[in-house]
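Protein sequence lines correspond, in order, to chains A and B.
Residues in the first sequence are numbered consecutively from 0, following numbering that gives the first Met the number 0.
Residues in the second sequence are numbered consecutively from 0, following numbering that gives the first Met the number 0.
Report on one structure; see the data block that follows.
Protein chains: 2
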Amino acid sequence: MDKIKVFSPGSITNLSCGYDILGVCLNNRGDEITVTKTANKGIIIKSNDDYNISSDINENVAGIAAQALLKDISTEFGFEIEIKKGIKPGSGIGSSAASSAGTVFAINQLLDSPFSQLDLIKFSMEGEKFVSDSYHADNVAPIILGGITLVRSINEIDVINLPSPKSLEVIIIRPNIELKTSDSRKVVKKKIEIEKMVKQSANLGSFVSSLYTEDFDLMSRSIVDFIAEPNRRILIPEFDNLIKISKINGAIASGISGSGPSIFSLSNDSIVSEKILKATTNHYDKLGISYDGFISKINTTGIKILESN
Amino acid sequence: MDKIKVFSPGSITNLSCGYDILGVCLNNRGDEITVTKTANKGIIIKSNDDYNISSDINENVAGIAAQALLKDISTEFGFEIEIKKGIKPGSGIGSSAASSAGTVFAINQLLDSPFSQLDLIKFSMEGEKFVSDSYHADNVAPIILGGITLVRSINEIDVINLPSPKSLEVIIIRPNIELKTSDSRKVVKKKIEIEKMVKQSANLGSFVSSLYTEDFDLMSRSIVDFIAEPNRRILIPEFDNLIKISKINGAIASGISGSGPSIFSLSNDSIVSEKILKATTNHYDKLGISYDGFISKINTTGIKILESN
């Protein structure tokens, strides 16, 4: 195989109760990444997007992740990476993770898969570190493994695939503002009162249980954020109103996706999902706020190979 | 029914990753509580133990919990409560919770069960507040509901019954020192670094998952305490050595039970459980430290009625 094209999907993370550790792989929105073997060693990036992303391999997450991979193996050839971005950077649905993870996934395929999925998570995290100034795998893990994932540890990478209830859907509404992950992380306090930690972790444990039992009422009670949302909500236009509108229209729960500004809602009924999307986008329409809005089933496959030859 | 005798079992809590929220109901060790209707209204306590527990209804957790219950209902008669303690106070296996929960359970039976299990948890928590200076339901919830429980919330009481893997056993070794819960709580810091919170909650989520999947390797990796154990371990004689000995002998995990000084280990093999108990008690024997040591299956029933008439 000399050339491969993959679809690397978006993801939502945190789900309010799982700061830095929970993630969900989406079906809709994603990067198309084409990687081609080149005669000369090294990496070349060809960006193909509307976002002026750097093609400097030390400034682009795909280049950074690819270099991390290539440190661990020697090859007689190089790679040209072409990225067609389908996820706006700074949207809170894992734009950088899609590029990093998709790239290392594709390179691994071209090398006949010497690396495990956990290795690919490790390499991708170098991209995340570059854009957010912190190592975290909550976006890259679900993109690589598919489904809903819990990152137990990033020191020795340990990720648990949680069950994905079949009826579960994600409704995303993203106002057209850019929120840098590094800035959004700065508003989260460095120390947490132990009472809040107890509540937050109880909710995480309950959320995990709700996935196994498909108890959507419990899921609804569990998706509450005592840690990041109280400070991050002010960064997102009309946040409180959108949450209210989503709840009124039947959302199981709503919250900030990743570091924002995307807002996620969960529903277990596709008619309800449509209602939530319509009501929230109507609200932005009325106020003249531009946005991207969509509904996604949970993607249990993760990155998908589109073409290879 | 005018008289009832119940067995109210011990419990272990925290399990390292679930500070104040996780609890396990034990089979072995427990209080025998006999409650008899009396012609005169009010509560009388007859203590029947070796521990000089007060029979003043305002100083004894059973009296405090019973009064909390009786505030919510009017009766034409009173109650005599006789408590034969089988759990040493200050042992970290829920001595006060057994007395509180057993008493309100028994009174509720004598009243033909006007109160739900969640109500009984609420009343019992008044006893916990008295001895530990904080409301928490991690001991009383598993005693009342049986099995392994996760307390999602104590404001509006919300408790999840987690699965109890059939092969799972608890090995307890308790050095003969008394550790007051209120003192043991004082060594836990009031604020937690967010990185520790993330790790601790990831472990809790993973532990919950491991109960559903019976993945004992994951359970082993998840039972780690970044919050309480680092400060509490010095309160328990030979703590680090007992943990090492337990691990060498095949424990899935070990840690401080509740606020200590009891140390719990988990095993999914009864031969391994015996080995752990023998090796840890031998260690205390050699050093001349007196102790109580026992093995318990998980008690999925909770409080048991022994006699009623």
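For each residue, glycine too, the CB sits at the ideal point set by N, CA and C.
### Query
What does DSSP give as the partner residues of Asp157/A in its beta bridges?
Translated into the one-based positions of the first sequence, residue 157/A becomes position 158. For Asp157/A, which the question treats as bridged, DSSP gives the partners Ser152/A.
### Task
Round the Cβ separation of Leu110/A and Thr148/A to the nearest angstrom and send it over; I've been treating them as touching at under 8 Å.
Working through the first sequence from its first residue, we reach residue 110/A at position 111. Working through the first sequence from its first residue, we reach residue 148/A at position 149. Between Thr148/A and Leu110/A the Cβ distance is about 24 Å, and since that is not below 8 Å, they are no contact.
### Task
Please list the segments of the alpha helix (DSSP H) lying wholly inside the region 84-114 of chain B, counting only runs of 4 or more residues, in order along the chain.
94-109
### Query
From the beta carbon of Val186/B, is the nearest beta carbon of chain A less than 8 Å away?
Mapped onto the second sequence, residue 186/B falls at position 187. Chain A contact via Cβ: absent.
### Query
Taking the alpha-carbon positions, what's the Ile143/B to Gly301/B distance?
Taking the first residue of the second sequence as position 1, residue 143/B is located at position 144. Taking the first residue of the second sequence as position 1, residue 301/B is located at position 302. Roughly 5 Å separates the two Cα atoms.
### Query
For the region 199-221 of chain B, which residues have a CB atom closer than 9 Å to at least one CB atom of chain A, in sequence order?
Gln199, Ser200, Ala201, Asn202, Leu203, Gly204, Ser205, Phe206, Val207, Ser208, Ser209, Leu210, Tyr211, Thr212, Asp214, Leu217, Arg220 and Ser221
### Range covered by the alpha helix (DSSP H) that runs through Tyr29/B
Position 30 of the second sequence, counting from 1, holds the residue named residue 29/B. The amino acid at residue 29/B is misidentified as Tyr; the sequence shows Gly. Per DSSP, Gly29/B belongs to no alpha helix (DSSP H); it is in the beta strand (DSSP E), Leu21 to Thr37.
### Query
Do the CB positions of Leu265/A and Ile247/A come within less than 8 Å of each other?
Translated into the one-based positions of the first sequence, residue 265/A becomes position 266. Translated into the one-based positions of the first sequence, residue 247/A becomes position 248. No, Cβ-Cβ distance for Leu265/A and Ile247/A is not below 8 Å.
### Query
Rounded to whole angstroms, how far is the Cβ of Phe129/B from the Cβ of Val207/B, which I believe are closer than 8 Å?
Residue numbering aside, residue 129/B sits at position 130 when the second sequence is read from its first letter. Residue numbering aside, residue 207/B sits at position 208 when the second sequence is read from its first letter. Wrong, their Cβ atoms sit about 30 Å apart, outside the cutoff.
### Task
Just mark Val287/B as buried or exposed, buried being the case when its beta carbon has 16 or more other beta carbons within 10 Å.
Indexing the second sequence from 1 puts residue 287/B at position 288. The amino acid occupying residue 287/B in the given sequence is Gly; Val does not appear at that position. Counting Cβ neighbours within 10 Å, Gly287/B comes out exposed, since fewer than 16 surround it.
### Task
Reducing DSSP to helix, strand and coil, say where Ile222/A ends up.
For the purposes of this step, residue 222/A is taken as residue 223 along the first sequence, with counting starting at 1. Note: Ile222/A maps to coil in three-state DSSP.
#### Entry: Whether Gly9/B touches Ile86/B by CB criterion (8 Å)
As a position in the second sequence, residue 9/B is number 10, starting the count at 1. As a position in the second sequence, residue 86/B is number 87, starting the count at 1. Yes, Cβ-Cβ distance for Gly9/B and Ile86/B is below 8 Å.
### Query
If Arg173/B and Ser261/B are in contact, beta carbons under 8 Å, what's the gap, nearest whole angstrom?
Here residue 173/B corresponds to residue number 174 of the second sequence, with the count starting at 1. Here residue 261/B corresponds to residue number 262 of the second sequence, with the count starting at 1. With a Cβ gap of about 4 Å, Arg173/B and Ser261/B count as contacting.
### Query
Under a CB-based cut-off of 8 Å, is Tyr18/B close to chain A?
Your numbering for residue 18/B matches position 19 in the second sequence. Yes, Tyr18/B counts as interfacial toward chain A.
#### Entry: Status (buried if at least 16 other CB within 10 Å, exposed otherwise) for Ala229/A
For the purposes of this step, residue 229/A is identified with residue 230 of the first sequence, where counting begins at 1. The question names Ala, but residue 229/A is Pro in the sequence shown. Answer is exposed; the Cβ neighbour count stays below 16.
### Query
For Thr309/B, which residues of its own chain have a beta-carbon under 8 Å away from its beta-carbon, when the five flanking residues on both sides are left out?
The shown model of chain B, from 0 to 308, leaves out residue 309/B, and the question about it has no answer.
### Task
Could you please give the first and the last residue of the uninterrupted beta strand (DSSP E) stretch that includes Lys165/A?
Indexing the first sequence from 1 puts residue 165/A at position 166. Where Lys165/A is concerned, there is no enclosing beta strand (DSSP E), given that its DSSP letter is neither H nor E.
### Task
With distances taken Cα to Cα, identify the nearest neighbour of Thr33/A among Ile242/A, Ile3/A, Met218/A and Asp132/A.
Your numbering for residue 33/A matches position 34 in the first sequence. Of the candidates Ile242/A, Ile3/A, Met218/A and Asp132/A, the one whose C-alpha sits nearest the C-alpha of Thr33/A is Ile3/A.
### Query
Hey, how far is the Cα of Ile72/B from the Cα of Thr280/A?
The residue you call residue 72/B lines up with position 73 of the second sequence. The residue you call residue 280/A lines up with position 281 of the first sequence. Cα-Cα distance, rounded: 51 Å.
### Query
To the nearest angstrom, how far is it from the Cα of Asn160/A to the Cα of Ala97/A?
What you label residue 160/A is simply residue 161 of the first sequence in a count that begins at 1. What you label residue 97/A is simply residue 98 of the first sequence in a count that begins at 1. Between Asn160/A and Ala97/A, the C-alpha separation is close to 18 Å.
### Query
Can you tell which of Lys285/A, Phe263/A and Lys296/A has its C-alpha closest to the C-alpha of Ser269/A?
Start at 1 with the first residue of the first sequence, and residue 269/A comes out as number 270. Among Lys285/A, Phe263/A and Lys296/A, the Cα nearest to that of Ser269/A belongs to Lys296/A.
### Message
Between Gly249/B, Ala105/B, Gly93/B and Ser131/B, which has its C-alpha nearest Glu168/B's C-alpha?
### Response
As a first step, residue 168/B must be located in the second sequence, where it is residue number 169. That would be Gly249/B, whose Cα lies nearest to the Cα of Glu168/B.
### Query
With distances taken between CB atoms, is the gap from Gly254/A to Ile92/A smaller than 8 Å?
For the purposes of this step, residue 254/A is taken as the residue at position 255 of the first sequence. For the purposes of this step, residue 92/A is taken as the residue at position 93 of the first sequence. It is not a contact, given that the beta carbons lie outside the stated cut-off.
### Query
Start and end of the alpha helix (DSSP H) containing Phe238/A?
For the purposes of this step, residue 238/A is taken as residue 239 along the first sequence, with counting starting at 1. Where Phe238/A is concerned, the enclosing alpha helix (DSSP H) stretches over Phe238 to Ile247.
### Integer-rounded CB distance, given that Ile63/B should sit under 8 Å from Glu125/B
Sequence index remark: in the second sequence, residue 125/B carries index 126 (1-based). Sequence index remark: in the second sequence, residue 63/B carries index 64 (1-based). Indeed they touch by this definition, with Cβ atoms about 5 Å apart.
### Query
Which bits of chain A does Arg28/B rub up against, with CB to CB less than 9 Å?
What you label residue 28/B is simply residue 29 of the second sequence in a count that begins at 1. Chain A residues near Arg28/B: none, gap ~26 Å exceeds 9 Å.
#### Entry: Proximity winner among Ala105/B, Asn39/B, Ile11/B and Lys84/B, relative to Asn47/B (alpha-carbon distances)
As a working note, residue 47/B is residue 48 in the second sequence. For the residues Ala105/B, Asn39/B, Ile11/B and Lys84/B, the minimum Cα distance to Asn47/B belongs to Lys84/B.
### Query
Do Val150/B and Ser15/B have their CB atoms nearer than 8 Å?
On the second sequence, residue 150/B is found 151 positions in, with the first residue counted as 1. On the second sequence, residue 15/B is found 16 positions in, with the first residue counted as 1. Going by C-beta atoms, Val150/B is not nearer than 8 Å to Ser15/B.
### Query
Cβ of Leu117/A less than 8 Å from any chain B Cβ?
For the purposes of this step, residue 117/A is identified with residue 118 of the first sequence, where counting begins at 1. Not closer than 8 Å to any Cβ of chain B, the Cβ of Leu117/A fails to qualify, so no.
### Query
Mind checking whether Ser259/B and Ile294/B have CB atoms under 8 Å apart?
The residue labelled residue 259/B in the question sits at position 260 within the second sequence. The residue labelled residue 294/B in the question sits at position 295 within the second sequence. The amino acid occupying residue 259/B in the given sequence is Gly; Ser does not appear at that position. No, the Cβ-Cβ distance between Gly259/B and Ile294/B is not below 8 Å.
### Query
Given a limit of 8 Å on CB to CB distance, which residues of the region 145-157 of chain B reach chain A?
Near chain A, meaning a CB-to-CB distance below 8 Å, the residues of the region 145-157 of chain B are Leu149, Val150, Arg151, Ser152 and Asp157.
### Query
By Cβ distance below 8 Å, which residues in the same chain neighbour Arg231/A in space, the five residues on each side in sequence not counted?
As a first step, residue 231/A is located in the first sequence; it is residue number 232 there, counting from the start. Within the same chain, Arg231/A has close Cβ partners Ser183, Val186, Val187, Ile255, Ser258 and Gly259.
### Query
Hey, how far is the Cα of Tyr283/B from the Cα of Leu217/B?
By 1-based counting over the second sequence, the position of residue 283/B is 284. By 1-based counting over the second sequence, the position of residue 217/B is 218. The alpha-carbon atoms of Tyr283/B and Leu217/B are separated by roughly 30 Å.
### Query
Going by the C-beta, is Ser99/B closer than 7 Å to any heavy atom of the ligand ATP?
As presented, the structure is devoid of all ligands, the ligand ATP included, so that no description of it is given.
### Amino acids of chain A, ordered along the chain, whose beta-carbon sits closer than 7 Å to that of Val197/B
Taking the first residue of the second sequence as position 1, residue 197/B is located at position 198. Per Cβ cutoff of 7 Å: Tyr18, Asp19 and Ile20.
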